[in-house]
Structure formats: structure tokens, C-alpha cells
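Below is one structure, written out as C-alpha cells; the observations come after it.
There are 2 protein chains.
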Amino acid sequence: MAVYTEVSDDDLNAFAAEYDIGEVVSCKGIAEGIENTNYLLGTESASYILTLYEKRVKEQDLPFFLALMEHLAASGIPCPIPVKGRDGVALRRLSGRPAAIITFLKGMWPRRVTPAHCAGLGRAMARMHMAGADFALARPNDLSVQSWRPLLEASAPRADEVRGGLVGELVHELDELEARWPSGLPGGVIHADLFPDNVFFRGETLTGLIDFYFACTDFFAYDVAVCLNAWCFEPDHSFNITKARRLLSAYRAERDFSLEELQALPLLARGSAMRFLLTRLYDWLNTPPDAFVTRKDPLEYLAKLRFHQAVAGPGDYGLD
Amino acid sequence: MAVYTEVSDDDLNAFAAEYDIGEVVSCKGIAEGIENTNYLLGTESASYILTLYEKRVKEQDLPFFLALMEHLAASGIPCPIPVKGRDGVALRRLSGRPAAIITFLKGMWPRRVTPAHCAGLGRAMARMHMAGADFALARPNDLSVQSWRPLLEASAPRADEVRGGLVGELVHELDELEARWPSGLPGGVIHADLFPDNVFFRGETLTGLIDFYFACTDFFAYDVAVCLNAWCFEPDHSFNITKARRLLSAYRAERDFSLEELQALPLLARGSAMRFLLTRLYDWLNTPPDAFVTRKDPLEYLAKLRFHQAVAGPGDYGLD
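So the protein sequences, as listed, match chains V and C.
Sequential numbering of the first sequence, starting at 44, is according to this note's numbering.
Sequential numbering of the second sequence, starting at 44, is according to this note's numbering.
Right, here's the structure in full:
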């Protein structure tokens, strides 16, 4: 799935020679992640991830992502650390692509999410939000509310192939999201893509947050809303209030929510559902059905959107 | 590319608990190999390959493959060793598929083949052929000459889409291969798929032979012929006699060729070219062009076939 750029032995050896990581003894393409090319790089002493950044990641954003990981790791957040070469540089080029080596984190992402996983996630996310407070760089969220109408318009001509009436329903929702989207909520650096495959555990202990390539500057509660959608629904699309309660209460034990954040949560959850619905819809319509990649179902997020539309208030997420 | 079967945490932990390999601390799908699902499995102490055997591998052949690796490794051939569980069993089931854990070999396959790599290959292949002499099991080569006509017939109705006149040329060649295919040459266990991505090196030192899932009982010289095709042609399809000479002379320093083998080599090389041409042709015609897998060009093997048709004798491969 994920090897887009093949690296020749000579190129790899020349690249690795820029670092103090020892001789490379293995290098295997990893079939995870759909944005970049990732290799698991083994040296005599340790394992690393070698990432070649592909076209969906903007090259000018890479210094933000790498500096953020370094900042968070230095603040005690378990995340990969960009490895610097002897010249002090972490970002260089390999096989024609921007590339970096980052440290390897032990742990596995949970294929079956439990309430305990959600608690670990909430705690780590709150700590990450606080650790980002003194991070100097900023990056606007280019997949927030202002991007959704152009995204919808790009899919609209064929969206009703996926489900009759879909465009009308989304236009109506988008009108409301645009009119009511909050401003002035507490914010800073958010991950913006904290799905289970970006969070590692050993047993129920969280060991790592990875894949910061959607990280940006936005409301903290929007990051929480992304996680409500990604972690607290069951495969049949039913909402699991126990998981949400564990996630939110573990979060607020580290960083409490303001009243405005709590009140905004249902709308932010609708917005987050809209964001993933729209990017999945676009990919669905623009990926051949017989391609050897798993297309993610946009309608999963329609079900989530409808759930949040019916929410009476933050109490429906298990909050007291 | 290569993760067909997802393994849940619970299933993986239950599976790993059957072994004395320690706690699993990471498990990443590998984007190499197109037949099976491979994970790189990390424990506290070591790395392993976890393979789930997918539908293209016949389940009844698995004991042959696993026993062969164990036999060869015990004879000093650098190849993966199937790890046995506490019950003494190496082959069990995981997520509905037959599955095994094998040892991890250091090294990388050469993206750019040098004559020194060819020498290492020749030496290791000869030693592997000799080491297989006292292996008790046998498996017929189900992709040898008897399989080629049905394979050609399966592709024939659309083969001329790939190149005009292709079917006629292949039918004529196949008539000759069937009429002249040798018998009685020295044989035993062969690998049958020793392409560069199945041979690991550190620098120019060979460190491993992997992927024994086409291994079978056939002529040793047929294995050599496969390698002449897979290692001794340049990207422009020209034959590199230096690489062939290094491969063949390193082989015969370990196990010399009989006169009959030498004389049969051009025909065996044509047969090997036919075998890969036909399977690639079939896959080409039956894989959607927009699928996210790299289809291998069948016409590369047409160029190789034509080269061997024009060979005057084994001397054209650099042999004295």
C-alpha cells in the first residue's frame, strides 16, 4: 500500500552515512499509511522509520511537522523524534523526495478499541495540547470549515451515486456549520488525525502518538471531536457512551474544558464528521473500485454526523 | 501491496503466546511480496517475520516449504528458520489463515545488481542444491513445461492486445520446448524463484535466501536458468555476459555442471523465460491497469526468450 518510492542501495547507504546511526542492516517497506512511503530501517543498534514524503504532503509544511515532533518529545509526549544528521539537519532528500529518519516507537495500534484505550488517548491528547503551548510555529488547518464547501462542490456532480439525496443533506448541514462555527475557543497545536492507527499501545498502556502530518493550529476541542468520531463508535455505527466518557474524563483530568468548549462540542463533532465524510467521499469517487486499496466508506461518517445532529448537549457524550 | 489479512491484537497475542519468543512489542505489515501477508514482528529480544499464507499458496504444500527451510538452515544455508511453538509445531492458524513465524534475516536485496552479487548468488545456489540432496520430501514443479500450454491458452484470446503476433510466436516456441525438453538431468530441490528481491546482501556479502514458496523438485540447471534471466540482463534487456560468467563460475566452483547440463542450458533458459512470460502475461491481462499494484511487463521476458533462442551454445553465457 505504501511504497511509492523505491530507494536504491547506493542512495540509501549514502543517505544513512550522513547520520550517526550505524550501518544499515535491513530496510523494509511498511504497508501502513497512505500518504507517504515508510521504511522500517534496522541498524546494528536500533530500529528507525525512514519516511519519504510524497506529493500529498506539502514540502513547505515539513519543517513544522518535524519541529513539532521534536518539541513534543522534549516535553515528554511519547512521539517519534526526528533524527539529525552529523550536520544537525533532520530533513534532507532521498531518491528525489524530501526524507527524514525518525525514531521507532514500540507498541501496536489497537484493532479493537476498549474504553481503557480511550482513557489513555484522552490523557495523552490533553498532555499533547498543553505541551504545544510554547511551540513557536503555526500552521493553519487547511481541512477546516473553509475547505468543506470547495470539497463538497468537487464531489457534488457524482455524490448521489454513493447515496441518493446526499448532496442536499450535506449542503444543508454545511450552511449551518458555516453559520454557527465557533470562534475564540482555546486552541493551539492539534494532531487533527488521531485515529486508532496513529496511537500505539502495549496492552492498555499508551506508548506513542505518531503521524503528525495533519497537525495544525486549531481549537483543542476540535481534536477531541475528531477522536469522539474515530474512537467512540462501534462497527455498526452506534455511539459507545462509555468510551466517550472515559476519553473525555481522562482528558479533563489533565486539562479541563471551558463552558464554551463543552457547549461547542456537538457542533465541532458534526464539523469533524463533515471533514472526514468529504475527504472520503472525494477519494471514493476518484479511486477506481477495483484498485488494490481499501476505500474508506464515506457513509460511516454520515451516520456519525446524524448522531451528533441529534445530540441535545455535551451530556450525551457522557459528561456530567 | 502485501497486507491481505488484518490481525487483531487479541488474535495476535493469543497466537504469540504459543511461542517462547517473549512479549510482542511491535507488528508492522510489510509492503513486499505479492503472494502472502507478511508482518515484521518485534519482541523484547528479537525480530521475526510472521507470514499468513494467502490463497495462491496451496495449504497442502506448506509442510514441504517449512521443512525445507529448516533442513537447509540446519545444513548451513542462510535462510529463514520456522520457529516452533512450545508444542513443537511451526504451522498453525491465525485470523482464518495458515500462519507461521520465521526468523528474521539481516540484509537487503540488491536494487542494482553487480557482478559480485551474481557470484555470491551462484555460490549460495550451488550450496543450496547440494544441501537439499538429503531432504526427504518432494514437490513437483507445477509451473514447468507441462503447465505452459494451458497457461498460454488462458491468455491467448487477448494476448495480441499486449503485442501483435505474440500468440503465434509463443505457440511456435512452446511446440519446440515441449518436443526438446530434457529428461534425466541432475536434480533435486530447487528454489525456482531466485529473483534479486529474494536474496539478501550486506554490501557484496550474501546474507540470506528467502521466499521458498515456489520451491520444488526439478533440474538444478533450471534453477540456474531462472537466475540467468533474473540477474544477468540490464534494464534495456541486453545480456550482461560478465554477470553470467561470475554467476556460473561461482556455481561450478561448488558444484560442477555435467556436459548434458551445459548443453541443455540455452533450452532451459528459454523455458524459464517462457514460464515468467506466461505468468506475467496472465497477470497483466487479469489485473486492472489502474490497480495500485505494479504489473510486471511480460515483454521483458519476450526479449530474454529471443536472446536465448539466438544463443549458439553455453559459451555465449560466458563459460569456457
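Positions of the beta carbon are idealized from the N, C-alpha and C atoms, including for glycine.
This one's a predicted model, so the numbers in the text were calculated from it and none came from an experiment.
In its chain, beyond the 5 residues on either side, D104, F107, A258, C259 and T260 have a beta carbon closer than 8 Å to the beta carbon of R182(V).
In the structure shown, S69(V) falls within a strand segment according to DSSP collapsed to helix, strand and coil. Annotation: the segment 286-361 of chain C contains the following complete segments of the alpha helix (DSSP H) (minimum length 4 residues), in chain order: 302-329 and 341-352.
What S69(C) touches in chain V, judged by beta-carbon distance under 7 Å, is K149, G150 and M151, going in chain order. Across the segment 47-64 of chain V, CB contacts with chain C closer than 7 Å involve E49, S51, D52 and D53, in sequence order along the chain. By a beta-carbon distance limit of 8 Å, L84(V) does not contact L95(V). Their separation comes to about 12 Å. With respect to the 8 Å criterion, C270(V) and L302(V) are not classified as neighbours on the basis of their beta carbons. Your pair G165(C) and L290(C) checks out as a contact, with CB atoms roughly 4 Å apart and the cut at 8 Å.
Every beta strand (DSSP E) of 3 residues or more that sits fully in the segment 108-153 of chain C is shown, in chain order, as 135-137 and 140-146. Sorting V354(V), D254(V) and L348(V) by C-alpha distance to the C-alpha of F147(V) places D254(V) at the top. Inclusion of H160(V) and E277(V) in the CB contact set at 8 Å is not warranted, their separation being larger than that value. Under the Cβ criterion (8 Å, minimum of three pairs), the segment 68-78 of chain C does not count as touching the segment 335-353 of chain V. With a minimum length of 4 residues, the unbroken runs of alpha helix (DSSP H) contained wholly in the segment 146-195 of chain V fall at 158-174. In the structure shown, the three-state DSSP call for I233(C) is strand.
For S51(V), same chain residues with a beta-carbon under 8 Å away, outside a window of 5 residues either side, are S138 in chain order. Contact check for G150(V) and V68(C): beta-carbon distance about 7 Å, within the 8 Å limit, so the pair qualifies. Under the three-state reduction of DSSP output, R201(C) falls in the helix class. Sixteen is the threshold: since fewer than 16 other Cβ atoms of the shown chains lie within 10 Å of the Cβ of T285(V), the residue is exposed.
By the C-beta criterion, the segment 176-196 of chain V is judged to be in contact with the segment 215-233 of chain V, since at least 3 inter-stretch pairs fall below 8 Å. Bounds of the alpha helix (DSSP H) holding N272(V) are F263 to W274. Of all residues in the segment 75-100 of chain V, only E75, L83, G85 and S90 come within less than 8 Å of chain C when Cβ atoms are compared, listed by chain position. A57(V) counts as exposed, since fewer than 16 other beta carbons sit within 10 angstroms of its beta carbon. Close CB contacts of N283(C) within its chain, under the 6 Å cut and outside five residues either way in sequence, are with C275 and E277 (chain order). Interface residue (Cβ-Cβ distance to chain C less than 8 Å): R140(V) is not classified as such. Remark: three or more beta-carbon pairs, one from each stretch, lie closer than 8 Å, so the segment 305-316 of chain C and the segment 218-232 of chain C are flagged as touching. Only those residues of the segment 155-174 of chain V whose C-beta falls short of 8 Å from the nearest C-beta of chain C are listed: R155. The beta carbon of R318(V) sits closer than 7 Å to those of L186 and W191, all from its chain and outside the five residues before and after it, given in chain order. The residues F178, in chain order, have a CB closer than 6 Å to that of H114(C) in the same chain once the five nearest residues on each side in sequence are set aside. By the criterion of a C-beta distance shorter than 6 Å, P153(C) is surrounded in its chain by H160, P239 and F244, once the five residues flanking it on both sides are discounted.
From the beta-carbon of R245(V), the residues of chain C found nearer than 7 Å are V68.
Between the beta-carbon of V132(V) and that of Y91(V) there is about 16 Å, and that puts the pair past the 8 Å contact cut. The residue among L180(V), C70(V), A355(V) and R136(V) with its C-alpha nearest the C-alpha of E87(V) is C70(V).
A distance of 8 Å or more separates the beta carbons of P229(V) and L308(V). Annotation: the continuous beta strand (DSSP E) that includes F243(V) extends over V242 to R245. The C-alpha of E102(V) lies about 11 Å from the C-alpha of L109(V).
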